[in-house]
Each structure stands twice: as structure tokens, then as C-alpha cells.
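Remarks on the structure that follows.
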Amino acid sequence: MWVVSLIESSMSRSNGHRGTFDIIAEILDASHGGAKKTCLMYRCNLSFKQMRSYSRFLIDTGLLRLNANAGNGDTDFFEVTDKGKVFLKAYESLISLLK
Numbered sequence: 001m002w003v004v005s006l007i008e009s010s011m012s013r014s015n016g017h018r019g020t021f022d023i024i025a026e027i028l029d030a031s032h033g034g035a036k037k038t039c040l041m042y043r044c045n046l047s048f049k050q051m052r053s054y055s056r057f058l059i060d061t062g063l064l065r066l067n068a069n070a071g072n073g074d075t076d077f078f079e080v081t082d083k084g085k086v087f088l089k090a091y092e093s094l095i096s097l098l099k
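Structure follows, in C-alpha cells:
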């Protein structure tokens, strides 16, 4: 039940601010195919401090992985994991049910 209340509170914000689940879903969605930290910050409209906090949480929970030097040789890329893809599908299903 607490998950539904969190999602409902995330969706019903009249002040226009995103909830935690919304931000997590945006980061995971933007990470498909790999993305640099700066790119994710711009796509998701997050500060460096926010991105650092969310990326640590997502990596610790196994929803996101950091591939060191996976890209052009000197840049670290974030990629959504299979567990992260499952989260995204569940999030999208719950959002569609609540609309």
C-alpha cells in the first residue's frame, strides 16, 4: 500500500515538482544505451549534488551500473540494468493504472 501512496503523491503534486519515483524513472529511461553523468544531469534537469545522490542510490540498489571507460576511452557511462528495466515497466504500468 505504501508504494501506491508514494506514487499517488508523486503524481498529484500541484506545485509542479517531481517526486522521487519520477526522477528515478527519468534517470533510468535516459540511461538506455549508456549516458555520461553530465548528459543525464541535463536530460533529467538535476544538479550535480542531486545526480550524485540518485546515481549512488541507483547503483547500490542494482538499477543502474557504471561502466568505466565503456565509451570513447576516457569517459564513464551509466547504463540501466535489467533490474532497472523491470522497475521502469512496473512504474509505467502503475502510472497508467492511476490515470
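Residue 63 in our numbering sits at position 63 of the sequence shown; the count goes up by one each step and never skips.
We put the CB at the ideal spot given by N, CA and C, even for glycine.
Which value, in whole angstroms, describes the spacing of the CA atoms of residue i and residue j?
i          : j          : result
residue 78 : residue 99 : 31 Å
residue 61 : residue 75 : 23 Å
residue 38 : residue 20 : 19 Å
Is residue i helix, strand or coil by DSSP?
i           : result
residue 97  : helix
residue 35  : strand
residue 106 : The question about residue 106 has no answer, for the chain in this structure spans 1 to 99.
Is the distance from the Cβ of residue i to the Cβ of residue j below 8 Å?
i          : j          : result
residue 80 : residue 32 : yes
residue 23 : residue 54 : yes
residue 95 : residue 58 : no
residue 83 : residue 63 : yes
residue 91 : residue 25 : yes
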